[in-house]
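Working notes for the structure below.
Protein chains: 2
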Amino acid sequence: MMNSVKHARMERGMTQVQLAEKTGVTRQTISLIEKGKYNPTLKLCLSICYAVGKSLDQLFWVNEGEKREENYR
Amino acid sequence: MMNSVKHARMERGMTQVQLAEKTGVTRQTISLIEKGKYNPTLKLCLSICYAVGKSLDQLFWVNEGEKREENYR
DNA sequence: ATATTATGTAATATATAGTTTACAATATTG
DNA sequence: CAATATTGTAAACTATATATTACATAATAT
Numbered sequence: 000m001m002n003s004v005k006h007a008r009m010e011r012g013m014t015q016v017q018l019a020e021k022t023g024v025t026r027q028t029i030s031l032i033e034k035g036k037y038n039p040t041l042k043l044c045l046s047i048c049y050a051v052g053k054s055l056d057q058l059f060w061v062n063e064g065e066k067r068e069e070n071y072r
Numbered sequence: 000m001m002n003s004v005k006h007a008r009m010e011r012g013m014t015q016v017q018l019a020e021k022t023g024v025t026r027q028t029i030s031l032i033e034k035g036k037y038n039p040t041l042k043l044c045l046s047i048c049y050a051v052g053k054s055l056d057q058l059f060w061v062n063e064g065e066k067r068e069e070n071y072r
């Protein structure tokens with residue numbers, strides 16, 4: 000469950016605590032998501048998107064080949 | 000938690016049962032998601048994307064004004 | 001070096017996503 | 001219309017996302 004949350008957060012100069020506050024979850028939750036050890040809820044994904052100014056695809060779409068791309072598009 | 004899963008599914012001529020099978024969840028889960036009464040997991044969102052050949056943004060990004068667009072982009 | 005800030009991670013608890021079974025209601029097709 | 005397929009929904013259950021508390025380590029600053 001890889002993603003680019005960490006990269007986007009640091010681009011914005013935000014700390015995990017700040018992102019956690021802005022998205023209304025715990026610092027631990029953010030940490031686990033960035034580490035790819037968690038499968039977040041769509042609502043939380045969207046909150047994170049708003050907080051760092053990126054879209055779902057930009058943050059959570061798995062890059063080519065990383066997962067099955069069988070029949071996409 | 001509105002989305003365009005139903006529309007995308009019907010475009011593909013799929014039934015809820017077929018989409019459920021292809022994504023490995025129950026028909027009820029699909030129904031609730033389409034009805035906007037559920038907050039699905041990112042993993043499930045991605046499964047649905049693969050199944051209907053759309054991206055996260057296409058299926059789950061909230062349309063302009065529907066939610067706070069405060070500071071996106 | 002030593003505070004202080006930022007992050008990783010574990011244990012236990014709680015909320016909620018997803019299942020199972022079942023039945024009703026609405027299409028759709030003969 | 002009647003038969004069948006498709007969808008909505010409810011209750012009780014299970015799995016897991018997230019919270020809470022706590023401690024350890026890495027980084028940065030003083």
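One line per chain: the protein sequences are F and Y, in this order. Heads up: the first sequence begins at 0 in our numbering, then just goes up one per residue. Heads up: the second sequence begins at 0 in our numbering, then just goes up one per residue. From the three backbone atoms N, C-alpha and C, an ideal C-beta is built for every residue, glycine too.
- DSSP places Y:T40 in the strand class (E or B) of the three-state scheme.
- A distance below 9 angstroms separates the beta carbons of F:L43 and F:T28.
- By the C-beta criterion, the segment 17-35 of chain Y is judged not to be in contact with the segment 1-13 of chain F, since fewer than 3 inter-stretch pairs fall below 8 angstroms.
- DSSP places F:V16 in the uninterrupted alpha helix (DSSP H) bounded by 15-22.
- Pairing F:N38 with Y:L41 gives a Cβ-Cβ distance under 9 angstroms.
- With a threshold of 16 other beta carbon atoms within 10 Å, Y:T22 meets it and is buried.
- Contact between Y:K5 and Y:E33 holds: their C-beta atoms lie close to 4 angstroms from each other, under 8 angstroms.
- When the five nearest sequence neighbours on each side are left out, the beta carbons in the same chain lying within less than 6 angstroms of the beta carbon of Y:M0 are those of G35, N38, in order along the chain.
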